[in-house]
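Student:
Protein chains in written order, with the numbering used here: chain Y, 6 to 289; chain W, 25 to 200.
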């Protein structure tokens with residue numbers, strides 16, 4: 006399958022890329038790892054007049070320590086997220102979720118920022134990032150803009166990134182010492198999540214002191230399971246208490262019905278997977 | 025009409041400079057411009073892994089990458105694995121373990137297995153199966169494929185296979 010013809014630019018800096026974007030009109034796509042964009046271009050579901058490849062911009066790649074947070078370049082690959090020592094120490098939830106994305110070849114090319122901006126409801130990175138309360142750093146014609154994770158995901162494949170802007174970095178607070186787990190339900194290998202749950206808990210003296218839960222594919226955007234989080238805080242570190250709290254997982258969700266499962270089945274999955282995710286995160 | 029771009033890519037230790045349309049996929053460039061038809065197009069939808077090559081030493085699906093993205097980079101295909109007429113250990117292992125039936129998935133399986141063994145030289149059976157989740161064998165010959173990767177990792181492969189060696193029935197019984 007051959008995509009429609011397009012003009013191509015591969016700028017070397019963010020400033021240069023912003024200039025190209027400003028001149029390119031509105032029929033332009035940013036190419037990150039291309040593991041979602043290229044397939045849809047091959048199917049001609051997308052046929053942009055211009056593609057701006059961010060792959061030559063070195064400043065967009067890598068993970069660095071930024072005090073109480075890690076600053077992650079948008080072009081950092083899923084493979085790098087899954088294997089980076091700083092991520093493993095401070096944000097194991099991201100490493101565990103990234104390791105479940107697609108397959109090894111796709112993880113070598115696909116990027117953290119690309120997946121977040123693509124904002125597929127079944128994508129695995131948005132829910133964990135939402136659960137961490139990360140901050141999205143966007144570069145645009147009028148300078149830098151910061152968007153909280155809670156405001157970033159706006160709908161089906163839709164984010165707060167405006168035309169002419171580029172997601173450059175994601176600043177993710179450290180959760181050093183928290184237990185973390187990403188529980189993903191699929192029927193076959195390399196499949197998109199039917200439902201998945203991202204869980205982080207901080208345990209203190211036999212009780213759960215803090216909890217953060219993100220849900221994948223339970224609405225058109227990733228969601229926080231706030232009712233579960235509230236029910237977990239102060240709960241004893243037992244399977245029974247976690248199961249009781251997890252019964253709230255489907256509250257406030259709006260899952261789709263499709264060939265992989267109807268909405269009622271997804272609500273059931275959310276409860277079961279939340280229980281499993283929290284039990285694993287808590288090390289029980 | 026979109027303008028073409030000049031790219032320089034090192035493929036299997038040879039440097040090539042070509043004008044390409046931006047929409048030309050890397051796999052098409054390899055097969056149709058360089059004649060490297062050892063890299064196959066299977067599903068053409070990023071699922072099957074038949075088109076797997078190495079980009080700067082790590083596995084990628086060459087149907088899901090534009091040739092222009094490889095400009096200035098190093099590509100290794102299945103045709104670049106053998107050295108001095110001798111099959112690479114993984115190729116020998118696939119031969120000895122009879123890790124193929126129709127053979128269509130084999131180049132991609134071997135390239136992904138090579139990338140896996142670079143990242144994890146001594147994988148467990150489960151790690152091999154997980155490492156090959158992006159490669160589909162529709163003959164369902166996974167059992168012998170996993171055995172071949174294990175044999176290559178364990179170094180239990182004899183080194184008498186050559187690139188031109190014909191299939192030898194006596195070597196098809198799998199690893200002891």
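For every residue, glycine included, the Cβ atom is placed at its ideal position computed from N, Cα and C. Here the structure is a predicted model, which means the values were calculated and not measured.
Does the beta carbon of residue 223 (chain Y) come closer than 8 Å to any beta carbon on chain W?
Tutor: No, its Cβ sits nowhere closer than 8 Å to a Cβ of chain W.
Student: Mind reading off the beta-carbon distance from residue 91 (chain W) to residue 31 (chain W)? Whole number of angstroms is fine, and I expect it under 8 Å.
Tutor: The pair is a contact, with the Cβ atoms about 6 Å apart (cut-off 8 Å).
Student: For residue 76 (chain W) and residue 289 (chain Y), what's the separation of their Cα atoms in angstroms?
Tutor: Each residue's alpha carbon lies about 40 Å from the other.
Student: DSSP state of residue 166 (chain Y), grouped into three classes?
Tutor: Residue state, collapsed to three classes: coil.
Student: Just checking: is the beta-carbon of residue 285 (chain Y) within a distance shorter than 8 Å of some beta-carbon in chain W?
Tutor: So, not an interface residue.
Student: Can a CB atom of chain Y be found closer than 8 Å to the CB of residue 76 (chain W)?
Tutor: True, the Cβ-Cβ gap to chain Y drops below 8 Å.
Student: Closest Cβ-Cβ distance between residue 151 (chain W) and chain Y: below 8 Å?
Tutor: Not closer than 8 Å to any Cβ of chain Y, the Cβ of residue 151 (chain W) fails to qualify, so no.
Student: Would you kindly check if the distance between the Cβ of residue 76 (chain Y) and the Cβ of residue 217 (chain Y) is under 8 Å?
Tutor: Taking 8 Å as the Cβ cut-off, residue 217 (chain Y) and residue 76 (chain Y) do not qualify as a contacting pair.
Student: With a threshold of 8 Å between beta carbons, is residue 6 (chain W) in contact with chain Y?
Tutor: The requested residue 6 (chain W) does not occur in the structure, where chain W is confined to residues 25 to 200.
Student: On a Cα-Cα basis, can you pick out the residue from Y:241, Y:272, Y:263 that is closest to residue 252 (chain Y)?
Tutor: Closest option to residue 252 (chain Y), Cα to Cα, is Y:272.
Student: In the DSSP assignment, what are the bridge partners of residue 212 (chain Y)?
Tutor: Looking at the DSSP assignment, residue 212 (chain Y) forms a beta bridge with Y:209, Y:241.
Student: Within 10 Å of its beta-carbon, does residue 146 (chain W) have 16 or more other beta-carbons around it, so buried, or fewer, so exposed?
Tutor: Flag for residue 146 (chain W) reads exposed.
Student: So is residue 180 (chain Y) buried or exposed if we call it buried at 16+ other beta carbons inside 10 Å?
Tutor: Buried.
Student: Does the beta-carbon distance from residue 119 (chain Y) to residue 37 (chain Y) come in below 8 Å?
Tutor: In contact: residue 119 (chain Y) and residue 37 (chain Y) (Cβ atoms closer than 8 Å).
Student: Got a sec: is the Cβ-Cβ distance from residue 182 (chain W) to anything in chain Y below 8 Å?
Tutor: Chain Y, which has no Cβ nearer than 8 Å to the Cβ of residue 182 (chain W), makes this no.
Student: Using the DSSP secondary-structure output, state which residues sit across from residue 76 (chain W) in a beta bridge.
Tutor: DSSP lists W:85 as partners of residue 76 (chain W).
Student: Quick one: any contact between the stretch 128 to 136 of chain Y and the stretch 96 to 110 of chain Y, if contact means 3 or more CB pairs under 8 Å?
Tutor: With the cut-off at 8 Å, the stretch 128 to 136 of chain Y and the stretch 96 to 110 of chain Y touch.
Student: Exposed or buried, which one is residue 50 (chain Y) when buried takes at least 16 other CB atoms within 10 Å?
Tutor: By the 10 Å Cβ count, residue 50 (chain Y) comes out exposed.
Student: Helix, strand or coil for residue 196 (chain W) per DSSP?
Tutor: For residue 196 (chain W), the pLDDT reaches just 40, beneath the cut-off of 50, and the residue's location in the model is therefore unreliable, leaving the point undetermined.
Student: Name the DSSP beta bridge partners of residue 100 (chain W), please?
Tutor: Beta-bridge pairing links residue 100 (chain W) to W:78.
Student: Compare the C-alpha of residue 370 (chain Y) against each of Y:112, Y:59, Y:174 and name the closest.
Tutor: Lying before the first or after the last residue shown, residue 370 (chain Y) is absent from chain Y, which here runs from 6 to 289.
Student: Taking just the CA atoms, how far does residue 79 (chain W) sit from residue 96 (chain W)?
Tutor: Taking the straight line from one Cα to the other gives about 11 Å.
Student: Taking the straight line between their C-alpha atoms, what separation do you get for residue 13 (chain Y) and residue 55 (chain Y)?
Tutor: Roughly 6 Å between the two C-alpha positions.
Student: In angstroms with no decimal places, state the Cα-to-Cα distance between residue 321 (chain Y) and residue 61 (chain W).
Tutor: Since the first residue shown for chain Y is 6 and the last is 289, residue 321 (chain Y) is missing from the structure and cannot be characterised.
Student: Would you identify the three-state DSSP class for residue 91 (chain Y), choosing helix, strand or coil?
Tutor: In this structure, residue 91 (chain Y) counts as helix in the three-state DSSP scheme.
Student: Kindly indicate the opening and closing residues of the beta strand (DSSP E) around residue 55 (chain Y).
Tutor: Start and end: 55 to 58.
Student: Using a Cβ-Cβ cut-off of 8 Å, state whether residue 7 (chain Y) counts as contacting chain W.
Tutor: So yes, residue 7 (chain Y) belongs to the interface.
Student: Taking just the CA atoms, how far does residue 267 (chain Y) sit from residue 39 (chain W)?
Tutor: Roughly 53 Å separates the two Cα atoms.
Student: Decide if residue 80 (chain Y) is buried, meaning its Cβ has at least 16 other Cβ atoms within 10 Å, or exposed.
Tutor: Residue 80 (chain Y) is buried by the Cβ-count criterion.
Student: Beta strand (DSSP E) containing residue 178 (chain W): first to last residue?
Tutor: Note, residue 178 (chain W): premise wrong, no beta strand (DSSP E); alpha helix (DSSP H) at 166 to 178.
Student: Evaluate the contact criterion for the stretch 47 to 57 of chain W versus the stretch 118 to 134 of chain W: three or more CB pairs, one atom per stretch, below 8 Å.
Tutor: No, the stretch 47 to 57 of chain W is not in contact with the stretch 118 to 134 of chain W.
Student: Spatial neighbours of residue 103 (chain W) within its chain, please: C-beta separation below 7 Å, excluding the five flanking residues on both sides.
Tutor: These residues qualify, in order along the chain: 36, 60, 62.
Student: In three-state DSSP terms, what is residue 39 (chain W)?
Tutor: In this structure, residue 39 (chain W) counts as strand in the three-state DSSP scheme.
Student: Starting from residue 177 (chain Y), trace the beta strand (DSSP E) both ways and give me its first and last residue.
Tutor: Where residue 177 (chain Y) is concerned, the enclosing beta strand (DSSP E) stretches over 171 to 178.
Student: When you compare the CB positions of residue 206 (chain Y) and residue 283 (chain Y), do they come within less than 8 Å of one another, or not?
Tutor: In contact: residue 206 (chain Y) and residue 283 (chain Y) (Cβ atoms closer than 8 Å).
Student: Measuring alpha carbon to alpha carbon, tell me which residue in Y:275, Y:52, Y:18, Y:30 is nearest residue 187 (chain Y).
Tutor: Residue 187 (chain Y) has its Cα closest to that of Y:275, out of Y:275, Y:52, Y:18, Y:30.
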